[in-house]
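FYI, the numbering for the sequence shown is 88 to 594, going by this note's numbering. Everything on this sheet refers to the single structure shown next.
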Amino acid sequence: GFDKTGHPNCSAVLWDNLDRNPDKLALTGPAGEMTYAELCAQAARWGNAFRAFGLSRGERVALFLDDTPAYPAAFFGAVRAGFVPVLLNTLTAPELLQFYLADSGARIAVCEADFADRFSALKDTALERVVVVNGHAGAFEEAANFLEGYSATLDCADTGPDDMAFWMYSSGSTGRPKGIVHLHHDMAYTQQSFGAHVLRLRPDDICFSVPKMFFAYGFGNSVTFPFAVGATTLLLPGRPDPQRVLEAIETFRPSVFFGLPTLYTALCHAEGVSRRNLSSLRQCMSAAEILSGEIFQAWKDLTGLAPIEGLGSTEMLHVYLSNTAEEQHLGAAGKAVPGYEVELRDADGKPVPSGEDGVMYVRGHSSAPCYWNRPDETAETMRGDWLYTGDRFVERDGFYYFQGRADDLVKVSGQWVWPLEVERCLNDHVMVREAAVLAHEMADRRMTLSAVIALKETGAGGQDQAKILQDHVKTQLLPHKYPRRIVFVEALPKTGTGKIDRQGVLK
Ligand code: 3SK
């Protein structure tokens, strides 16, 4: 059944295990093991320490963390004590981190030692304290010191199911990320819907999500779903390059694997992959982008398992369209997951008949009610209890087939990019006279970005300049937003009205 009222604080997803199976491993992996009892105790210390720091109910706690036990500990400590963790992407460059901290108003941040330097030069934020985990704190404070002496039990704040629980940031079409506000009942709802109806984990499962916990997809995979059934999560900090991922599968023997098409592609092409022992896997999920038939088959040949494809959004917290183990349609994002209603509408907002292209609206009780402090964008996306996805689909026999975006956002490596944002960023570089950025589909149906650039200095374009410009995008925006291909031209073609001729630039 679906119940959005019985979940006054989302920390219950973890704490329920304290009675049920305290000695079971909640976490495993190269960063260490932790039982459910140990994780609750550590989360309690974090919650008590946040309270002692003087946070008020609903105040934000910025989490800039890799996938190690410190992540769920700090997260659950904060929510149980009534505070609001903000899950930040650790690939964020300092300029954007500055924005996240100013926008969220966080007075305290918990940060991975390896990334602490990014906090050194921040200004105009409300930050008073940076607590560093998994290494030396340098100018900041070590977690061991911050947590010292605090109790391993924590009374739960008197939150309600509709109170704000945590945020994640989305990169929006304006290029300015939006704080997506999630409520206390949202996690449980994703378990009652996708978790119970599609994923169907067992307590003896070991889950391994290569997408990290700061992504909504990774958060559900590594935290909500395994903890909801008392299963175990394998956490792999650091770069998820294919050999490290394969090594982790061989060593820690996960049974359920979560990836993205980009990762499945890299794994299928990884050197020596056919000699790896992947026999522990019993189920594999893929999401965010369409998986090509070739990679679907290659993975099946390697493991005997067909990746189950789904699609979700950070606003909905997890997957609302999915295939299932029993019913798979290759190339389809899937059917509506029980608990979610989807509707395809035309430009006038009227439902379109089966077989016709329409923009998808979705509703279900894990939907974020708003973007923080962004009434215009909230009104555009959260339309009553429906969420406007901006994705165009065609429905056939209950399965939904992606047709493109209603605006021009594209997914590259499973993450949203707005080509115009990349174009603006390139145009800001001193070397660039003019630039156009285009998204196009590759042979395997994944999307990529190409930039066509005229430099101020004629004849100067080469590999070195391309690298400088790609690095510029990686540091000014986010690493995945860089154009994979750069073509240098003397001048961009123009339309009759003098605008860049986007259709003509790559001809
Ligand atoms: O499909 C996605 O991109 C997604 C986003 C957030 C959470 C879960 C998923 C699958």
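Glycine included, every Cβ here is placed at the ideal spot set by N, Cα and C.
{"Check": "Buried versus exposed, by CB contacts within 10 Å (16 or more), V497", "Outcome": "buried"}
{"Check": "Per-residue DSSP class, three states only, for C355", "Outcome": "helix"}
{"Check": "Whether S537 touches L525 by CB criterion (7 Å)", "Outcome": "yes"}
{"Check": "Close beta carbons around A353, own chain, < 6 Å, minus the five adjacent residues each side", "Outcome": "P329"}
{"Check": "First through last residue of the beta strand (DSSP E) which encompasses E428", "Outcome": "E428 to R432"}
{"Check": "Per DSSP, the bridge partner or partners of M251", "Outcome": "L270"}
{"Check": "Y487 vs L417 beta-carbon contact at 7 Å", "Outcome": "no"}
{"Check": "H405 Cβ short of 6 Å to the ligand 3SK heavy atom set", "Outcome": "yes"}
{"Check": "Close beta carbons around I336, own chain, < 6 Å, minus the five adjacent residues each side", "Outcome": "L365"}
{"Check": "Straight-line gap, A224 to F233 (C-alpha atoms, nearest Å)", "Outcome": "11 Å"}
{"Check": "Bridge-paired residues (DSSP) for V497", "Outcome": "V504"}
{"Check": "Nonlocal neighbours in the same chain, by C-beta distance under 6 Å from H527, ignoring five residues either side", "Outcome": "none"}
{"Check": "G346, DSSP secondary structure in three states", "Outcome": "strand"}
{"Check": "Straight-line Cα distance separating A275 from S94", "Outcome": "A small correction: the amino acid at residue 94 is His; Ser does not occupy that position in the sequence shown. Their backbone Cα atoms lie some 7 Å apart in a straight line."}
{"Check": "DSSP state of W102 mapped onto helix, strand, coil", "Outcome": "helix"}
{"Check": "Under the three-state DSSP convention, the category S260 falls into", "Outcome": "In this prediction, S260 scores a pLDDT of 45, lower than 50, which makes its location untrustworthy; no coordinate-derived value is stated."}
{"Check": "Integer Cβ distance of I195 from L142, believed to fall under 8 Å", "Outcome": "7 Å"}
{"Check": "Among A385, F163, L183 and F137, the one whose alpha carbon lies nearest that of L565", "Outcome": "L183"}
{"Check": "Nearest candidate by alpha-carbon position, reference D242, set R167, A523, V574 and A180", "Outcome": "R167"}
{"Check": "Segments of 3+ residues assigned as beta strand (DSSP E) that fall wholly inside the stretch 446–489", "Outcome": "473–483"}
{"Check": "Check: S257 C-beta below 6 Å from any heavy atom of the ligand GDP", "Outcome": "As for the ligand GDP, it is missing from this structure, which binds only the ligand 3SK."}
{"Check": "First and last residue of the uninterrupted beta strand (DSSP E) at Q185", "Outcome": "Where Q185 is concerned, there is no enclosing beta strand (DSSP E), although the alpha helix (DSSP H) it sits in stretches over P181 to S191."}
{"Check": "Alpha carbon of H559 to alpha carbon of R571, nearest angstrom", "Outcome": "13 Å"}
{"Check": "Touch test, the stretch 297–316 against the stretch 388–405, Cβ-Cβ under 8 Å, three pairs minimum", "Outcome": "yes"}
{"Check": "Whether L333 touches A375 by CB criterion (7 Å)", "Outcome": "no"}
{"Check": "Local Cβ density within 10 Å of D273, reported as buried at 16 or more and exposed below that", "Outcome": "buried"}
{"Check": "Proximity below 7 Å, CB of G421 to CB of L431", "Outcome": "no"}
{"Check": "Cβ-heavy atom distance, L399 to the ligand 3SK, below 6 Å", "Outcome": "Before going on, a small fix: residue 399 reads as Gly here, not Leu. Yes, since a heavy atom of the ligand 3SK falls inside the 6 Å radius drawn around the Cβ of G399."}
{"Check": "Distance cut-off 6 Å: A303 Cβ against heavy atoms of the ligand 3SK", "Outcome": "yes"}
{"Check": "Closest residue to S367 among E467, L350, F339 and D388 (Cα-Cα distance)", "Outcome": "F339"}
{"Check": "Nearest-angstrom Cα separation, counted from G442 out to L152", "Outcome": "44 Å"}
{"Check": "Inter-residue Cα distance where the pair is A239 and L214", "Outcome": "26 Å"}
{"Check": "Contact test: A419 Cβ vs the ligand 3SK heavy atom, cutoff 6 Å", "Outcome": "no"}
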